[in-house]
Every structure is written in C-alpha cells, then in structure tokens.
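Here is the structure we will look at, set down as structure tokens.
2 protein chains.
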Amino acid sequence: MRYKVTVAYDGSNYFGWQSQVDVVNIQDVIEEALRIIHKREVRITGSGRTDRGVHARGQVFHFDTELNISEENWVKAFNANLPHDIRVLKVEAVSERFHARYDVVSKQYDYYLNMGEYDLFQRDYVTQVCEKLDVEKMRDAREVFLGTHDFSSFSANSFEETPDQVRTVHSIDISQEGDILRFSFLGNGFMRYMVRMMMGVLIEVGKGKLTKEDVQKILEARSKTAHRYKAESVGLYLTKVNYPLD
Amino acid sequence: MRYKVTVAYDGSNYFGWQSQVDVVNIQDVIEEALRIIHKREVRITGSGRTDRGVHARGQVFHFDTELNISEENWVKAFNANLPHDIRVLKVEAVSERFHARYDVVSKQYDYYLNMGEYDLFQRDYVTQVCEKLDVEKMRDAREVFLGTHDFSSFSANSFEETPDQVRTVHSIDISQEGDILRFSFLGNGFMRYMVRMMMGVLIEVGKGKLTKEDVQKILEARSKTAHRYKAESVGLYLTKVNYPLD
Chain A
0 MRYKVTVAYD GSNYFGWQSQ VDVVNIQDVI EEALRIIHKR EVRITGSGRT
50 DRGVHARGQV FHFDTELNIS EENWVKAFNA NLPHDIRVLK VEAVSERFHA
100 RYDVVSKQYD YYLNMGEYDL FQRDYVTQVC EKLDVEKMRD AREVFLGTHD
150 FSSFSANSFE ETPDQVRTVH SIDISQEGDI LRFSFLGNGF MRYMVRMMMG
200 VLIEVGKGKL TKEDVQKILE ARSKTAHRYK AESVGLYLTK VNYPLD
Chain B
0 MRYKVTVAYD GSNYFGWQSQ VDVVNIQDVI EEALRIIHKR EVRITGSGRT
50 DRGVHARGQV FHFDTELNIS EENWVKAFNA NLPHDIRVLK VEAVSERFHA
100 RYDVVSKQYD YYLNMGEYDL FQRDYVTQVC EKLDVEKMRD AREVFLGTHD
150 FSSFSANSFE ETPDQVRTVH SIDISQEGDI LRFSFLGNGF MRYMVRMMMG
200 VLIEVGKGKL TKEDVQKILE ARSKTAHRYK AESVGLYLTK VNYPLD
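Protein chains in written order, with numbering that gives the first Met the number 0: chain A, 0 to 245; chain B, 0 to 245.
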C-alpha cells in the first residue's frame, strides 16, 4: 500500500529536507520514525527538497508499507515518533502509481518579511528587513517574473545538473498586515534558491536600489553571475504541493 | 555612572535569567558583553529572575560604569556584543541610588495560550493547549487571585527562603484574538512559578475540571501540596517592570 503524507516542519534546527553531508535533515528524521514503526528501514520520497532553515506548512512525500493501519492512526503513529518541530498533518492511501515528485503540478511558496522593528521572537520565522519598503514598486516589478521564462539568473542549479531552466510562475500575490509583508508564489516548479533570489531582488526594488527595468535585465541575462541577491531562508515556507487529483 | 537597561529576550535557548548550575543563562551572556566592552568583569543586577524557557519583552537591570558613552551608543554597544535572541531596547542614565530589584513597584507578566490546532511555529512562544476552554469561567475564577493574599499555594518558594508569601495581584486582564488567549498579570511581586501555577489552575477551570470554589479552597490552603498544576514556561513573558519614577 502506498501512502501520500502531508507534513509541516520548522526548518530552524535542520540542514534542510535532505542533505548530502552527514548532518541532521528532515527526511532522515521521518525515515527514523518509520524505522521504529516497521522495525526495518523504510525510505520516503519527497516532492522536492527544501533548504536549511526553510519551513514547510505542506510538504508532501510518499512511502510504501505492508502494515495495515488506518489513515488517522498513521497520523498518530508518525507524530508519536517525531520531534515537536515536525508534525504530520494528513496521511492518505493512494494508487501505487502516485509519485510525490514526478506528479507535482505546482507548488506554493510563501515568503514573510517584517518592515517594522526587529522582532526577536520571529527571527527564525520572518525575515527581519526592519525598514519601510516601497510595496507598490515591488508589486510592479514582480510582473517581470510572471509567466514562462528562462530563470537561469534566479537559480543556483548549474546547467549540467539542470539543462532546462525554463519555469512558469503562475502568480505572485502580495499581502500586508501591519508591518508584515507576505509574498505568495505559485509556479510549476522552483529551482534551488529561486524564490529567495527573486525575493532578494524584489527587496532591493523595495529599497529603491533596483528598478523594474533592472529586474528585467537580470532575468534576460540568463546568467549565474547576473546578480548576487538572495533573501534569507528564515522567511520562506513551502505552503502547498498540488497534484492532478487534488 | 549607573545605567538602567531594558532588555528583551527569547528564553528558549537559556536556563533562565540566572542559574545556580554551570549552564548558559541570560545574565552571564549580558555580563560577557559588558566584559568585552570594558575589558574587565562587570556585574549586573536584574529586577528578578525568570525561569528556563520564559521570555522577556521588558526585563530591567542596572550596572555601574566609568565609560563615557551616550545612551543610544550603549544600546548599539550592547547589541553588537549580544546574540540575536537577546536585544537591549533602552539604556537610561539613572541616579546612583536606583536599584533594579529593590525599587520595583510592580511587574507585568503576560501568558499566551493557543486553544486551536497545534502550531509548531509557535511551540516555544505560545502554550499549545489545543482545546476550547470556557473563557468566561476562567474570567470568573481569576477573581479569586485579585487583591492581597497569602500565595503560599501558588509558589515554589519554601517558607525558609521566603517567610512572607503575601503578594498583591492588581489585575488579570484576559483578551482573545482568534484561538489565542492572553492573560496579563499585574502585581507587586511574583514568586517562583507563581504565574505558571495560577495559569495551571485557570486552565483546569477552562477545561471544566476545577471550579472557582476549588480555586478559592486551593488559595486558602496556603500549602505547598494544595495542587500540582503548573502551566508550561513557553507561553510566559515578563512584559514590563515598573519603578516609582516611570
């Protein structure tokens, strides 16, 4: 039986979803929970990685099991064996043909930043910009990213590992509550650092240091050296992974 | 020159304001910052202790120095030498007769709890009760604590260390925003665990497991074994310390 699992985590204490080096990552911790439940090794397959310090409200993975446990009891079994900063929200029985990575239709990432005074209680959860940004200029400049483009200038992926760096950004919604800005990105796929590099450039626009035209030029450069702006990981959340049957 | 300093901190990573054992506490970290600035040992005197995991938005301490630095530059010097989870908010030159502990007129502590779904991003900042509480019953029962009482049943202080356990609670304001409840305590002094033990009992009232009459009996027992309820430290904040000239 294959199960699709939706999981939330606080990325503060982990080296990302999966890491090459021998440090604590979220996938390992979840696989350890499954090892305890099954008394043998069980591998999981995530929708994709998240970087060190990045959070998730709705990461998705799948795994296969012979155990006969109800969906609700799977949620309980996971959470009984997971630390408090990783919580399984939902477990659904799915077809054996479901694949958490290959079947992704789109993903939503949210980025939070604080334009007000430094909030030490939110330092791991909201990027502390601590200065007023020109939100209208950011809203205008974000249009450069909408649609289908070669995002080579906005990803850390090399051309060797990712020859095709064309992606589609469906929408970037900006909302404000007090001094907190939320940028909600919906796209068919995001490469490594892509959201953080778009946010890094948008923050510079908000500070008046880059214009919409500069952003356009950077995008058109299709170059790994077109700019060096990358917003912090702490304000970034993988909010939702969408699949065909959702 | 004596300075009064207002400081905020995230208590998550510390064993309280001051600890007996050789573990990292907030006072030590601040004294280390002052040691770097002065190139010699400098002691500070806090308004009182906070426990492991308890936060502060407005803890106060004083220290003496021969250095001639403006109030604003003291703020910068502190924060340049402090970790990101401890931030000095204000530094004020005061009379040599000012004493951060002896001069306290009253203190405000705030306690936050979440009646909604478990929020892993707030697990160190809001106590996750995750069930609906009867707020009106809690509001009614809190009246038992208002005024001047012997709070022996609501403190961990032994009678040897604290012979006089009479304290005055001026007010307990309860406010609600969505599923988050805030309890704001103002009193002339709070003994060890006093707010957490009052909150522990009020939460039981909210769950329907204790009545206002039970709370009255527990208070009147003036006993260290009258009950065993103590709310978690994570939801507790030392919000403000009041002095005569404020």
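The beta-carbon is built from N, C-alpha and C at its ideal position, and this holds for glycine as well.
For the beta strand (DSSP E) containing residue i, list its first residue and its last residue.
i	result
G207 of chain A	From DSSP, G207 of chain A is part of no beta strand (DSSP E); its letter is neither H nor E.
K106 of chain B	105-113
Q175 of chain A	165-176
L185 of chain B	179-186
D149 of chain B	146-149
L237 of chain B	235-241
Tell me whether residue i sits in a helix, a strand or coil according to DSSP, three-state version.
i	result
S46 of chain A	coil
V52 of chain A	The sequence as given places Gly at residue 52 of chain A; Val does not occur at that position. In the structure shown, G52 of chain A sits in coil (DSSP, three-state: anything other than H, G, I, E or B).
S11 of chain A	helix
E219 of chain B	helix
G284 of chain A	This structure does not reach residue 284 of chain A, given that chain A is present from 0 up to 245, and the question cannot be answered.
R86 of chain A	strand
A248 of chain B	Limits of chain B in this structure are 0 at one end and 245 at the other, which puts residue 248 of chain B out of reach.
R1 of chain B	strand
Q58 of chain B	strand
D213 of chain A	helix
V194 of chain B	helix
D21 of chain B	coil
E91 of chain A	strand
D139 of chain A	helix
Listing by chain order, which chain B residues have their CB less than 8 Å from the CB of residue i?
i	result
A7 of chain A	L119
From what residue to what residue does the alpha helix (DSSP H) around residue i run?
i	result
K131 of chain B	Per DSSP, K131 of chain B belongs to no alpha helix (DSSP H) and is neither H nor E.
N72 of chain B	70-79
E31 of chain B	25-37
What does residue i touch in chain B if you count any residue whose Cβ is under 7 Å from its own?
i	result
R86 of chain A	Y117, L119
H83 of chain A	L119, R122
Name, please, each residue of chain A whose Cβ falls closer than 7 Å to the Cβ of residue i.
i	result
H226 of chain B	Residues of chain A passing the Cβ test: none, with the nearest at roughly 26 Å.
Starting from the beta carbon of residue i, find every residue of chain A whose beta carbon is closer than 8 Å, and list them in chain order.
i	result
H169 of chain B	The contacting residues do not exist; H169 of chain B stays about 26 Å from chain A at best.
Could you round the C-beta distance between residue i and residue j to whole angstroms and report it? I think they count as a contact, below 8 Å.
i	j	result
D84 of chain B	N12 of chain B	6 Å
M114 of chain B	S154 of chain B	The Cβ separation is near 27 Å, so there is no contact.
R1 of chain A	F97 of chain A	6 Å
G199 of chain A	V134 of chain A	16 Å between Cβ atoms; not a contact.
L112 of chain B	V128 of chain B	5 Å
F184 of chain B	V168 of chain B	7 Å
L237 of chain B	A55 of chain B	4 Å
L132 of chain B	R195 of chain B	At roughly 16 Å, the Cβ-Cβ gap does not stay under 8 Å, so L132 of chain B and R195 of chain B are not in contact.
V165 of chain A	L218 of chain A	About 12 Å separates the two Cβ atoms, so there is no contact after all.
I173 of chain A	L145 of chain A	So it is not a contact: roughly 12 Å between Cβ atoms.
So is the beta-carbon of residue i under 6 Å away from any non-hydrogen atom of the ligand PLP?
i	result
R221 of chain B	Of ligands this structure carries none, so the ligand PLP is not represented either.
Taking a cut of 7 Å between CB atoms, which residues from the segment 112-140 of chain A lie near chain B? Y117, L119, F120, R122, Y124
Residues in the segment 22-55 of chain B having any Cβ partner in chain A nearer than 8 Å: H54
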